[in-house]
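Visitor: To start, I am sharing the structure in question, which I have written as structure tokens.
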Amino acid sequence: MSSWEFVFPKKIYSPIFNYKLLFLFINILHNNNMKTCFNYMKHHLHGAISSLRRLALAVSVCTIGAAFAQNPADQKTSFGTGFAVSESHILTAYHTVSGKDALWVGPIEGKWAKAQLIKSSTELDLALLSAEIHAKPVSIANWDDVPIGVEAFVIGYPQPTIQGLSKKITQGIVNGTRSDKESSPWSKLFQLSAEVNKGNSGGPVVAADGSVIGMVLKKVDALSFAEKSHDLTVNVNYGLKSKFLIDFLSNTAAQVQARPLALKTVLRPYQVFAQSEGSVYAVIGRSSKDEGLNAHKP
Numbered sequence: 017m018s019s020w021e022f023v024f025p026k027k028i029y030s031p032i033f034n035y036k037l038l039f040l041f042i043n044i045l046h047n048n049n050m051k052t053c054f055n056y057m058k059h060h061l062h063g064a065i066s067s068l069r070r071l072a073l074a075v076s077v078c079t080i081g082a083a084f085a086q087n088p089a090d091q092k093t094s095f096g097t098g099f100a101v102s103e104s105h106i107l108t109a110y111h112t113v114s115g116k117d118a119l120w121v122g123p124i125e126g127k128w129a130k131a132q133l134i135k136s137s138t139e140l141d142l143a144l145l146s147a148e149i150h151a152k153p154v155s156i157a158n159w160d161d162v163p164i165g166v167e168a169f170v171i172g173y174p175q176p177t178i179q180g181l182s183k184k185i186t187q188g189i190v191n192g193t194r195s196d197k198e199s200s201p202w203s204k205l206f207q208l209s210a211e212v213n214k215g216n217s218g219g220p221v222v223a224a225d226g227s228v229i230g231m232v233l234k235k236v237d238a239l240s241f242a243e244k245s246h247d248l249t250v251n252v253n254y255g256l257k258s259k260f261l262i263d264f265l266s267n268t269a270a271q272v273q274a275r276p277l278a279l280k281t282v283l284r285p286y287q288v289f290a291q292s293e294g295s296v297y298a299v300i301g302r303s304s305k306d307e308g309l310n311a312h313k314p
């Protein structure tokens with residue numbers, strides 16, 4: 017039996033299962049809380065394997081996770097994703113740039129362009145940046161044309177301190193919406209299954225025809241959810257509907273018009289990714305007020 021296989025009552029859990037656990041707890045360790053990680057592992061594996069093996073597994077997973085967890089010294093720098101809505105304007109999530117007085121977008125041929133915040137909405141969690149770049153604006157689809165179950169891609173810069181500062185794509189579907197009242201913030205969001213991590217915030221959710229149908233804003237906190245429900249959740253993420261992107265951009269220099277969603281046009285993932293070249297950027301924010309941190313160029 018492989019060292020990554022553990023025999024549970026009436027079941028054999030394969031290495032794949034354990035890798036899922038591993039990445040779940042690496043995700044938990046973004047809070048850099050070793051004690052929480054250990055206690056959570058111990059609770060949910062209780063009675064499944066011997067105390068000694070349970071201890072060894074918990075310690076190894078927490079140790080590996082801690083090695084990958086973001087360095088606390090880097091947490092004063094914000095990382096997000098944005099996309100072009102004109103040749104010189106980038107739309108992103110407000111929470112990625114809030115409180116930062118030095119912003120950059122890039123990389124553009126290995127370089128970074130200084131950006132300025134010109135409009136924001138805390139209610140919608142949107143921010144419009146201006147930069148001296150020559151970007152390729154995206155096309156934004158009319159949300160009324162987006163059916164539940166439509167294929168959706170997330171493009172962005174997830175966990176740059178772990179995965180590296182390179183653009184990545186994940187694939188899923190639009191799972192649904194919540195039936196909240198229109199006055200509820202949740203009524204503006206939709207649920208998607210494409211994988212999302214820190215750094216994806218502000219990135220586009222793209223349909224198979226290449227048009228933007230929303231922006232990545234939230235993901236379910238796996239640890240908090242598990243503590244309350246005693247269940248695990250994977251890839252429960254939320255995006256802001258394209259309708260609110262268009263409304264936010266009205267009366268700005270980056271005015272865009274919604275276009276019909278072309279459901280009969282189905283691009284392959286590599287084509288969707290290639291189309292994002294020149295349109296999707298990393299957004300980095302720093303504050304000169306942060307103790308021990310200079311607001312210098314990335």
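Sequential numbering from 17 applies to the sequence shown in the numbering used here.
Even glycine gets a Cβ: it sits at the ideal position worked out from N, Cα and C.
Could you tell me which whole beta strand (DSSP E) segments of length 3 or greater appear in the region 166-224?
Guide: For the region 166-224, whole beta strand (DSSP E) runs of length 3 or above, ordered along the chain, are 167-172, 184-192, 205-208 and 220-223.
Visitor: Taking buried to mean at least 16 other C-beta atoms within 10 Å of its own C-beta, is Val272 buried or exposed?
Guide: Taking the sequence shown and counting its residues from 1, the one referred to as residue 272 is at position 256. Flag for Val272 reads buried.
Visitor: Under 8 Å: do the region 106-121 and the region 131-142 share three or more Cβ pairs, one atom per stretch?
Guide: These segments touch.
Visitor: Which residue wins for smallest C-alpha separation from Pro163, given the options Lys257, Ser295 and Thr186?
Guide: Translated into positions along the sequence shown, residue 163 becomes position 147. Ranking the options by Cα distance to Pro163, first place goes to Lys257.
Visitor: Mark Lys280 as exposed unless 16 or more other C-beta atoms lie within 10 angstroms of its C-beta, in which case mark it buried.
Guide: Working through the sequence shown from its first residue, we reach residue 280 at position 264. The residue in question, Lys280, is exposed, as its Cβ has fewer than 16 Cβ neighbours within 10 Å.
Visitor: Mind checking who Gly96 pairs with in its DSSP beta bridge?
Guide: Within the sequence shown, numbered from 1, the residue matching residue 96 stands at position 80. Looking at the DSSP assignment, Gly96 forms a beta bridge with Val299.
Visitor: Just curious, the beta strand (DSSP E) that Lys259 is in, first and last residue?
Guide: Position 243 of the sequence shown, counting from 1, holds the residue named residue 259. Unbroken run through Lys259 is the alpha helix (DSSP H), Ser258 to Leu265; no beta strand (DSSP E).
Visitor: Looking at the strands, I want to know which residues DSSP matches up with Tyr254.
Guide: The sequence position of residue 254 within the sequence shown is 238, counting from 1. Answer is Gln207 and Lys234.
Visitor: Going by DSSP, what residue range makes up the alpha helix (DSSP H) through Pro285?
Guide: For this step, residue 285 is matched to residue 269 along the sequence shown. From DSSP, the alpha helix (DSSP H) with Pro285 extends over Pro285 to Gln291.
Visitor: Would you decide whether Pro174 is buried or exposed? Buried here means 16 or more other CB atoms lie within 10 Å of its CB.
Guide: Position 158 of the sequence shown holds residue 174. The residue in question, Pro174, is buried, as its Cβ has 16 or more Cβ neighbours within 10 Å.
Visitor: Considering only residues of the same chain and omitting the five flanking positions on each side of Ala100, which have a CB-CB separation below 7 Å?
Guide: Position 84 of the sequence shown, counting from 1, holds the residue named residue 100. Hits under 7 Å: Ile106, Ala151, Lys152, Pro153, Val154 and Ser295.
Visitor: Is it right to say Gly255 is buried, meaning 16 or more other beta carbons lie within 10 angstroms of its own, or is it exposed?
Guide: In the sequence shown, the residue the question calls residue 255 occupies position 239. So Gly255 ends up on the buried side.
Visitor: With H, G and I counted as helix, E and B as strand and the rest as coil, what does DSSP make of Thr108?
Guide: Position 92 of the sequence shown holds residue 108. The answer is strand: DSSP assigns Thr108 an E or B state.
Visitor: Measure the beta-carbon distance from Ile171 to Ile185 and round it to whole angstroms, keeping in mind my assumption that it falls under 8 Å.
Guide: Residue numbering aside, residue 171 sits at position 155 when the sequence shown is read from its first letter. Residue numbering aside, residue 185 sits at position 169 when the sequence shown is read from its first letter. Confirmed, about 5 Å.
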